[in-house]
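Here the structure is laid out as C-alpha cells; the discussion comes afterwards.
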Amino acid sequence: MSTILQTTDSASQVYALEITCPLGLENVLEKELHDEGLTQTRFGEGQVKLTTDLEGMYKACLWSRVATRVMLPIANFKIDSADELYDGVKAIKWSDHMSASDTIAIDCHGTNHHIRNTQFGAVRAKDAIADYFVELSGERPNVQKEQPDVRIALRIKREVVTVSIDLSGESMHRRGYRQQGSMAPLKENLAAGLLMRAGWGRDCGLTQLIDPMCGSATFLVEAAMMSLDIAPGLGRQYWGFKGWKQHDHRMWQQLMDFAKNRKKDPAELGLRFQGTDRDQRAIAAARESIKRAGMVGVIDVAMTPFQEHEFDINTELPGLVITNPPYGERMGDEMALIALYRQLGEWVVSHVRGWQFMMLTSNDHLARQIPARPEKSTRVINGGIECRAYIFPLLEGRIKEDVVAQSVMTPGAQMFANRLQKNVKKMKKWVDSNKIQCYRVYDADMPEYAVAIDIYQDWAHVQEYQAPKSVDPEKAKQRLFEVMSAIPTALNIAESNVILKQRQRQSGKEQYEKLDQSKHEMIVEEYGCDFIVNLKDYLDTGLFLDHRPVRKLIQDRANGKRFLNLFCYTATASVHAGQGGARSSLSVDMSNTYTEWARRNIELNEFSERNHQVERADCIEWLKQSRDVFDLIFMDPPTFSNSKKMADVLDIQRDHGDLLRLAMARLAKGGELIFSNNYRRFILDADLEQEFEVKNITHETFDPDFDRNSKIHQCYVIKHKS
C-alpha cells in the first residue's frame, strides 16, 4: 500500500525534506541549517531530515554549503514484485507536482530480489508515470537526462521504495565557479564542510587562511564565500524545483535578491586568502575558479612550492592553514610523500604557531609525519577514497619539539641531492640542444644508493634495485627514504610526480604483468616521434631509454626501406622507421598488451595501418613460417622468456645463433639487421662472424645519460657477405 507523504492543501504547506551531505559532516550540515533559522531537524546517515515550509526549503537550497541534494519524499511503499513497483509509482498524484508536457529524469538507487538492476527500476517507474498522464490527459512526459523540468529519485531498500522529487536537480557541490572536468577531486561542499569543522565561517574571528597545496583553490574560494556571506546557490542557473508545480517564483526571486544584498565588502573585513601550488595546471585552474567566483583581488595564488614562498602572514592575528595534499595510494607513492609531509609539518610549526592546521589525507602513516598532536579527526570520503581530516592546534604542548629539531634532509639525502644536481648540470647542454624529454639522470652512481632515476618531462621514475642479502633491510629502507626525500628538491619535481618501483630479477612473463590500474599515461617526444608512456602500471614504461641512439640510427637508415621489428614491445623503433621514411613496417610481438600499445603508438604518429602493420605472434615461429623479405630488421629479444605463448623457452645466450640465422633468411641482399640485447655477460657466437658480416656498434649506441654503464646493452649490425 502506497503512503502519500506530501499534499498541496495550502500555501503554508509543511514539507518533510531529506537533505543529503558527505558522510561525516551531518552535524556540520545541521548547524548551518540552524544558523539560517531552520531548526526542526534530526540526523540520518549522510543526511539531515528537515521539516519546514516553502521558504525554508528555498533557504536550504540557496544557503547550504554542505548539502549535496535537497530531496522531497512524496511517497513510500512496500513491494513484492516489479509490478508492485509500477503500481506504487502510478498511484502517486503526479499532477500535484508536474504536467504531462514537462520533461523528467529518473534516478534509481538500490536493488532487491525483484528489482535487480537500477536501470530496470528507473524504466518501470518511467512507464508508471507516463501511463498515469496518458490516462489523465492523453499526453505523456518525455525523458530528458540533462537538466529536466522535474528530476525524480527512487530509493529501494529491501522491500521498501521511497519516491522523491529532487529539488536541487543536480548535486549542490556545483556552485558554478569551477569548470566541469576540473582536475581537483575535492568537491566544493566537502571543502566547505571541512572549513566549518576547522572553525572557519562567517564572523568566526579568523582573518587569514592559507592553503600551501591549493590545487584549483577550492578551499580558498569556499572560505572567501563564507566570510563575505555569499550564498553558495547564487551562481547556479539550474534548480530542480523550477519545473516543480508548487514552485513560487516570486518568493524565490525575493530570497535571491536578499542574498545578493547580504554580500560583504572584503576591504572592510581585512581578510587574507593565500595559496600556492607547484603545478602549473593546478594554478591555471585556480585562477580560473577565482575569476569565475568574482574573487580576483581577494584571493592570491602563486605557482611556487610552499617551502619557498613568502606568505604575507601576521602571526599576531589568528588564522587557519588547511590543505589536501597528495595521499600516495601505492607503496612507492607513500615513500615519495613522506618527505613532503615532513616539510609541510616543519613549515606550519615554524611559520604559523598559534594558528589552527587542518589536513585531509587517506594515509595515517603520512599524517604522523606532522610534528604535532591532532586534536581530533573526521572520517570522510573524498573521490571514493576513505580519508580523515586531522585538526592540529599549533599550540605549546601539542607541538613535538623533539621532532621539529630534526632536519628533514639527512646528511645522506643531502649528499645524494648533490650528486643528482651535479648529473643534471653535466647533461643540461646535451638535453637542451637535442630537445630530450626523457633521460636517465642517475644509475647507482653511488653503490650504496642502488637506484636508477629516469626523467620523463616533469616526472621522476625511480627503480630500486634489489639489495643483496648482506645489506641490512632497515639500512636499505633508510637509504631509499633519503633518495626519495632528495629527488623533489634536487630535480625541482613535485613529490607527487615521483614514482617508485622495485626492480627484481624477472621471469619472461612478469615484465608483462600489471603493477597498478591507474592508466597513468602521458605522451613524450623523441626526435620528432610521439610515444605513449605509462609510468605506473607496468615495470617498464613503454620506452627503453638506453635504445634512444639505436632508434635514431633506424630513423636515419629507414628511408624507402621495408622494416621488420621483431620482439617489437611498443613499436617505438617502428615509429622512428616511419618517421625516417620507411616504405613499410611490420612489428611482431607475442604480448596482447604491447601489440595493442604498438598500434596506438603508430596511430598517434598518423602512419597508415595498411603500410605499418602490427602482428601478435611468437617471433621464432613467425620467422620459421614467413617468406617475406625486408631491407632493415631490428631485433631486441628478452634475455630469457618462458611465456606459455611461446613454443619453446628462449635463452638469448644459448639461442641467439639460431634466432639470428632465421632473421637473416628474411633480410634482403644489401640489407641490415640491427641486433641488440641486454644480457650483461653476452658473447656473440663466433660462427656468426664467419657466416655474415658483423660489426659491433655497442660503443656508438650510448648517449651521455648511459655512457657510465657500458654493459646495459650490446648492439651489432649484421649483413650478408658480398
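The numbers in the UniProt record's numbering rise by one with no breaks, and the one at position 202 of the sequence shown is 202.
Note that beta-carbon positions come from the ideal geometry of N, C-alpha and C, so glycine has one too.
Check this for me: beta carbons of Asn-324 and Leu-360, under 7 angstroms apart or not?
Numbered from its first residue, the sequence shown carries residue 324 at position 324. Numbered from its first residue, the sequence shown carries residue 360 at position 360. The answer is yes: Cβ separation under 7 angstroms.
Compute the beta-carbon to beta-carbon distance between Gly-243 and Val-150, rounded to the nearest angstrom, for a pair I have assumed lies under 8 angstroms.
The sequence position of residue 243 within the sequence shown is 243, counting from 1. The sequence position of residue 150 within the sequence shown is 150, counting from 1. Confirmed, about 5 angstroms.
Excluding the 5 residues flanking Thr-378 on each side, which residues of the same chain have their C-beta closer than 7 angstroms to its C-beta?
Here residue 378 corresponds to residue number 378 of the sequence shown, with the count starting at 1. Within the same chain, Thr-378 has close Cβ partners Gly-24, Arg-197, Arg-388 and Ala-389.
Integer Cβ distance of Ile-299 from Phe-273, believed to fall under 8 angstroms
Counted from its first residue, the sequence shown places residue 299 at position 299. Counted from its first residue, the sequence shown places residue 273 at position 273. Between Phe-273 and Ile-299 the Cβ distance is about 4 angstroms, and since that is below 8 angstroms, they are a contact.
Comparing alpha-carbon positions, which option in Asp-705, Gly-657, Glu-693 and Arg-708 lies nearest Ile-683?
One-based indexing of the sequence shown puts residue 683 at position 683. If we check each option's Cα against that of Ile-683, Gly-657 comes out closest.
Neighbour-count burial assignment, Val-66, 16 or more Cβ in a 10 Å radius:
Stepping through the sequence shown from its first residue, residue 66 is reached at position 66. Buried, by the Cβ-count rule.
Just reading off the alpha helix (DSSP H) that Trp-239 is part of, what are its end residues?
Numbered from 1 along the sequence shown, position 239 holds the residue referred to as residue 239. No alpha helix (DSSP H) contains Trp-239, which DSSP labels as neither H nor E.
Comparing alpha-carbon positions, which option in Ile-697, Val-694, Ser-608 and Phe-630 lies nearest Ala-663?
As a position in the sequence shown, residue 663 is number 663, starting the count at 1. It is Phe-630 whose Cα lies nearest to the Cα of Ala-663.
For Ser-433, count the other beta carbons within 10 Å of its own beta carbon; 16 or more makes it buried, fewer makes it exposed. Which is it?
Sequence index remark: in the sequence shown, residue 433 carries index 433 (1-based). Counting Cβ neighbours within 10 Å, Ser-433 comes out exposed, since fewer than 16 surround it.
With a floor of 4 residues, list each alpha helix (DSSP H) that falls wholly inside the segment 352-384, ordered by position along the chain.
364-367
From which residue to which residue does the beta strand (DSSP E) around Asp-211 run?
Residue numbering aside, residue 211 sits at position 211 when the sequence shown is read from its first letter. Start and end: 208-211.
Within its chain, find whatever has a CB closer than 7 angstroms to the CB of Arg-140; leave out the 5 residues flanking it on each side and keep chain order.
Walking along the sequence shown from the start, residue 140 turns up at place 140. Closer than 7 angstroms at the Cβ level, and outside the excluded window around Arg-140, lie Ala-100, Ala-130, Phe-133 and Val-134.
Euclidean distance between Cα positions of Lys-245 and Pro-266:
As a first step, residue 245 must be located in the sequence shown, where it is residue number 245. As a first step, residue 266 must be located in the sequence shown, where it is residue number 266. Roughly 39 angstroms between the two C-alpha positions.
Should the segment 615-622 be regarded as contacting the segment 537-548, the criterion being three or more beta carbon pairs within less than 8 angstroms?
no
For the beta strand (DSSP E) containing Met-225, name the first residue and the last one.
As a working note, residue 225 is residue 225 in the sequence shown. It is not in any beta strand (DSSP E) - Met-225 instead sits in the alpha helix (DSSP H) that spans 218-227.
Mapping DSSP to helix, strand and coil, what is Leu-320?
Along the sequence shown, read from residue 1 onward, the residue named residue 320 stands at position 320. Looking at Leu-320 - three-state DSSP - the assignment turns out to be strand.
Pick out whichever of Lys-422, Asp-546 and Lys-501 has its Cα sitting closest to the Cα of Val-451.
Counted from its first residue, the sequence shown places residue 451 at position 451. Of the candidates Lys-422, Asp-546 and Lys-501, the one whose C-alpha sits nearest the C-alpha of Val-451 is Lys-501.
Buried or exposed, going by whether 16 or more other CB atoms sit within 10 Å of the CB of Phe-43?
Counting from one through the sequence shown, the residue named residue 43 turns up at place 43. Exposed.
Using a 10 Å radius around the Cβ and a threshold of 16 neighbouring Cβ atoms, would you call Glu-525 buried or exposed?
Counted from its first residue, the sequence shown places residue 525 at position 525. It counts as exposed.
Separation of Lys-695 from Glu-672, as counted between CA atoms:
Position 672 of the sequence shown holds residue 672. Position 695 of the sequence shown holds residue 695. When rounded, the distance between both Cα atoms is 11 angstroms.
Chain-order list of residues whose beta-carbon lies under 6 angstroms from that of Ile-381 (same chain, five-residue window excluded)
Walking along the sequence shown from the start, residue 381 turns up at place 381. Counting only Cβ-Cβ distances below 6 angstroms, and skipping sequence neighbours, we find Leu-23.
As an exercise, report each continuous alpha helix (DSSP H) stretch of at least 4 residues that is fully enclosed by the segment 480-566, in chain order.
548-557
Range of the contiguous alpha helix (DSSP H) that encloses Pro-411:
Numbered from 1 along the sequence shown, position 411 holds the residue referred to as residue 411. 411-433 is the extent of the alpha helix (DSSP H) around Pro-411.
Which residue marks the beginning of the alpha helix (DSSP H) containing Thr-595, and which one marks its end?
Sequence index remark: in the sequence shown, residue 595 carries index 595 (1-based). Run containing Thr-595: 592-604, per the alpha helix (DSSP H) assignment.
Nearest CA to the CA of Met-303: which residue from Asp-312, Ala-286, Gly-581 and Lys-291?
Numbered from its first residue, the sequence shown carries residue 303 at position 303. The option with the nearest alpha carbon to Met-303 is Ala-286.
Starting from the Cα of His-309, find the closest Cα among Ala-577, Ser-470, Leu-564 and Met-213 and give me that residue.
As a position in the sequence shown, residue 309 is number 309, starting the count at 1. Checking every option, the nearest Cα to that of His-309 belongs to Met-213.
Mind checking whether Val-89 and Ala-153 have CB atoms under 7 angstroms apart?
Residue mapping note: residue 89 aligns to position 89 of the sequence shown, counting from 1. Residue mapping note: residue 153 aligns to position 153 of the sequence shown, counting from 1. No. Outside cutoff.
Pick from Arg-175, Phe-311, Ser-496 and Leu-535 that is closest to Arg-278, judged by C-alpha positions
For the purposes of this step, residue 278 is taken as residue 278 along the sequence shown, with counting starting at 1. Comparing Cα positions, the closest option is Ser-496.
With a Cβ-Cβ cutoff of 7 angstroms, do Arg-124 and Ala-82 count as a contact?
Counting from 1 along the sequence shown, the entry for residue 124 is found at position 124. Counting from 1 along the sequence shown, the entry for residue 82 is found at position 82. It is a contact, given that the beta carbons lie within the stated cut-off.
Go ahead and pull the three-state DSSP assignment for Arg-583.
For the purposes of this step, residue 583 is taken as the residue at position 583 of the sequence shown. Of the three classes helix, strand and coil, the one that applies to Arg-583 here is coil, per DSSP.
Gly-270: which of Lys-624, Leu-220 and Ser-227 sits nearest, CA to CA?
Counting from one through the sequence shown, the residue named residue 270 turns up at place 270. If we check each option's Cα against that of Gly-270, Ser-227 comes out closest.
Would you tell me roughly how many angstroms separate the C-alpha atoms of Ser-507 and Ser-591, rounded to the nearest one?
The count along the sequence shown starts at 1 and reaches residue 507 at position 507. The count along the sequence shown starts at 1 and reaches residue 591 at position 591. Reliability of the predicted coordinates at Ser-507 is poor, the pLDDT of 41 falling under 50, and no value is obtained from them.
For a minimum of 4 consecutive residues, which ranges assigned as the alpha helix (DSSP H) are wholly contained in the segment 271-311?
280-292
Could you work out which residue in Val-163, Leu-136, His-97 and Glu-36 is closest to Tyr-86 when comparing CA atoms only?
On the sequence shown, position 86 is the one that residue 86 refers to. For Tyr-86, the nearest C-alpha among the options comes from Val-163.
Leaving out five residues on either side along the sequence, give the residues of the same chain with a beta carbon under 8 angstroms from the beta carbon of Lys-145.
Position 145 of the sequence shown, counted from the start, is the residue given in the question as residue 145. Excluding residues within five positions, the ones whose Cβ falls inside 8 angstroms are Ala-105.
Nearest to Met-335 by CA position, among Gln-280, Lys-429, Cys-438 and Lys-477, is which residue?
Position 335 of the sequence shown, counted from the first residue, corresponds to residue 335. Minimum Cα distance to Met-335 is reached at Lys-477.
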